[in-house]
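Numbering (the working numbering), first residue to last: -4 to 73.
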């Protein structure tokens, strides 16, 4: 699992690395936050680079739900 903590947005983003199929939908939605690594797996670059709403949208675009967004009060997505 890869993850990133956003002190500005006050969220944690988790990517289930082994589950990721590398579709790139997260990158297409929020390319300042997500990238595909050399194995075509999603990684978190900068969790403060976009709004929480856009990060949640990127997570929801993942075709296999491998991205989790956790806020201070619990899960924001899924």
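Yeah, the Cβ is synthetic: ideal placement off N, Cα and C, and Gly gets one too.
Whether residue i touches residue j by CB criterion (8 Å)
i: residue 7; j: residue 62; result: no
i: residue 17; j: residue 41; result: no
Contacting residues, own chain, Cβ-Cβ under 7 Å from residue i (five flanking each side not counted)
i: residue -3; result: 10, 12, 38, 39
i: residue 19; result: 31
i: residue 59; result: 14, 16
i: residue 56; result: 20, 21, 24
Chain-order list of residues whose beta-carbon lies under 6 Å from that of residue i (same chain, five-residue window excluded)
i: residue 45; result: 25, 27, 28
Counterpart residues of residue i in DSSP-defined beta bridges
i: residue 69; result: 66
i: residue 11; result: Answer by DSSP bridge pairing: none, since residue 11 is not bridged.
i: residue 30; result: 38
Close Cβ partners of residue i (< 8 Å) along its chain, the five nearest in sequence each way excluded
i: residue 43; result: 1, 2, 3, 4
i: residue 72; result: 51, 54, 55, 62, 63, 64
Next on the checklist: Three or more C-beta pairs under 8 Å: does that hold for the stretch 52 to 62 against the stretch -2 to 6?
Outcome noted: In this structure the stretch 52 to 62 does not lie against the stretch -2 to 6, because fewer than three pairs of beta carbons, one per stretch, are closer than 8 Å.
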